Ligand SMILES: NC(=O)c1ccc[n+]([C@@H]2O[C@H](COP(=O)([O-])OP(=O)(O)OC[C@H]3O[C@@H](n4cnc5c(N)ncnc54)[C@H](O)[C@@H]3O)[C@@H](O)[C@H]2O)c1
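In my numbering, the protein residues as written are 3 to 453.
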């Protein structure tokens with residue numbers, strides 16, 4: 003599905019008209035293509051504070067074939083190559099005064115950032131200090147990065163990763179994700195890493211090779227995109243959907259060389275049937291993506307019990323029941339399993355007419371956070387992905403005005419694509435993402451709703 007306004011705004015006549023009238027000009031985003039370099043140009047790394055991660059970042063970029071420029075002079079006089087990424091290592095800041103160095107580095111560097119560029123800030127977590135001044139400086143970076151995201155043009159993004167002492171090994175996977183085209187629609191996000199055993203030597207092209215991945219709701223929309231991206235990245239996908247969607251489910255499974263498994267995830271015997279299928283056919287499971295979801299919108303005062311109950315059953319209770327059954331099935335869920343639960347921006351911001359849906363999607367976030375320590379204990383992870391406005395058949399059916407407003411009120415001025423959600427889920431499913439656990443990643447182009 004194309005974005006008519008973005009295509010118009012980037013056409014010859016459209017560029018003139020949008021400039022003249024000061025209209026938004028949504029960029030064509032840089033999206034991941036296998037075989038492409040991590041970044042389309044060099045990166046620049048600056049520090050504010052001790053620079054604990056600077057050497058590791060430089061090595062990581064050089065290993066990925068990315069040239070590292072020296073920081074631009076504060077007066078902008080350096081007329082060398084323009085960076086495709088600006089990285090600030092702000093670890094070690096102990097008070098607000100040191101943030102002046104962040105400003106001194108970022109202002110000229112961001113000015114020179116290329117289109118579809120990346121700003122990535124790394125810092126110590128505010129929660130890991132007793133000092134109010136230190137916590138203030140660390141938390142200040144949160145406001146800084148979210149504001150940079152709102153100022154950037156041309157499809158560029160800004161994100162922040164908090165890296166506790168001891169979690170340095172967890173850094174590579176999120177840094178690669180945020181710099182790459184996989185994170186095209188992930189903007190203004192703040193993640194906190196944890197220390198984990200991260201396997202070495204992951205293959206960048208097929209990071210999911212040899213993994214068995216279950217994807218629910220895979221017959222269409224975002225679920226079908228997740229199945230395709232997982233298969234592209236090397237996984238064998240068990241595509242799950244209701245029997246009524248059997249034909250399109252089979253088409254998706256055939257296309258990607260996966261397995262179709264017809265299952266209503268709310269049926270009383272669904273967890274047991276899934277466990278039996280995975281044990282008999284695959285001997286175990288490495289990745290579980292709880293994507294199936296439904297909406298039954300009505301204002302609370304008009305909402306009947308059927309609408310409330312069906313949304314809770316599909317969106318929340320089934321995720322709980324299936325995850326519990328997989329954990330309880332001896333040896334079925336691999337020790338380094340990855341579980342990714344699809345939440346929604348509605349679960350963070352709330353939405354008129356969606357009390358049932360927003361409650362179910364907020365519930366997912368509570369569930370993920372509560373389960374995260376137990377998952378970490380076995381070398382596994384569980385995370386939530388919260389999509390914002392994603393261009394699907396569902397959103398295409400919205401009235402024109404609602405759809406246009408809904409898709410533009412974000413920093414990237416456009417709706418995301420199913421593949422953007424899929425790339426984020428596939429990244430969280432990688433063995434190398436062991437240090438990303440209990441997190442909520444919004445794929446929303448930095449939506450102004452609930453921001
Ligand atoms: N499209 C968006 O803008 C958007 C935004 C935020 C969150 N989400 C979430 O992303 C997920 C996918 O959304 P989508 O837009 O692709 O929806 P969709 O309606 O196109 O696809 C959902 C799929 O889930 C399946 N499903 C429904 N009930 C099921 C059940 N009981 N058992 C098994 N399968 C079942 C459906 O048959 C369908 O194939 C959902 O969880 C949704 O809440 C979507």
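For each residue, glycine too, the CB sits at the ideal point set by N, CA and C. Remember, it's a predicted structure, so these values are computed and weren't measured experimentally.
When DSSP reads this structure, residue 264 sits in a beta bridge with 243. When secondary structure is reduced to three states using DSSP, residue 433 falls in the helix class. Counting C-beta pairs closer than 8 Å gives three or more between the region 288 to 305 and the region 344 to 354, which meets the contact rule. Assigned with DSSP and collapsed to three states, residue 234 falls in helix.
Assignment of residue 382 by DSSP, reduced to helix, strand and coil, places it in the coil class. With contacts defined by Cβ atoms closer than 8 Å, residue 91 and residue 131 do not form a contacting pair. Its Cα nearest to that of residue 192, the residue 160 stands out among 11, 205, 160 and 202. Beyond the five residues adjoining it in sequence on each side, residue 144 comes within less than 7 Å, by CB distance, of 162 and 192 in the same chain, given in chain order.
Per DSSP, residue 56 is one residue of the alpha helix (DSSP H) stretching across 56 to 65.
Annotation for residue 10: 16 place their beta carbon closer than 7 Å to its own, counting only its chain and skipping 5 residues before and after.
Linking residue 329 to residue 389 through their CA atoms gives a straight-line distance of about 26 Å. CA-CA distance, residue 176 to residue 366, rounds to 22 Å. Per DSSP, residue 15 is one residue of the alpha helix (DSSP H) stretching across 14 to 23.
In this structure, the beta-carbon distance from residue 156 to residue 215 does not fall below 8 Å.
Under the 10 Å beta carbon count, residue 449 is surrounded by 16 or more other beta carbons and is classified as buried. In terms of Cβ geometry, residue 415 and residue 110 do not form a close pair [threshold 8 Å]. Secondary structure of residue 318 (DSSP, three-state): helix. Contact between residue 299 and residue 359 holds, since their C-beta atoms are separated by about 7 Å, short of 8 Å. 451 is the residue among 325, 432, 451 and 397 whose C-alpha sits nearest the C-alpha of residue 411. Rounded to whole angstroms, the gap between the alpha carbons of residue 114 and residue 120 is 12 Å. Exclusion of the five residues before and after residue 409 leaves 5, 391, 393, 397, 416 and 417 as the residues of its chain whose Cβ lies within less than 8 Å of its Cβ. Given a length threshold of 3 residues, each whole run of the beta strand (DSSP E) inside the region 319 to 350 is given here in chain order: 335 to 344. Here residue 219 is buried. Its C-beta has 16 or more other C-beta atoms within 10 Å. Excluding residues up to 5 positions away in sequence, 43, 114, 115 and 116 lie with their Cβ nearer than 8 Å to the Cβ of residue 84 in the same chain.
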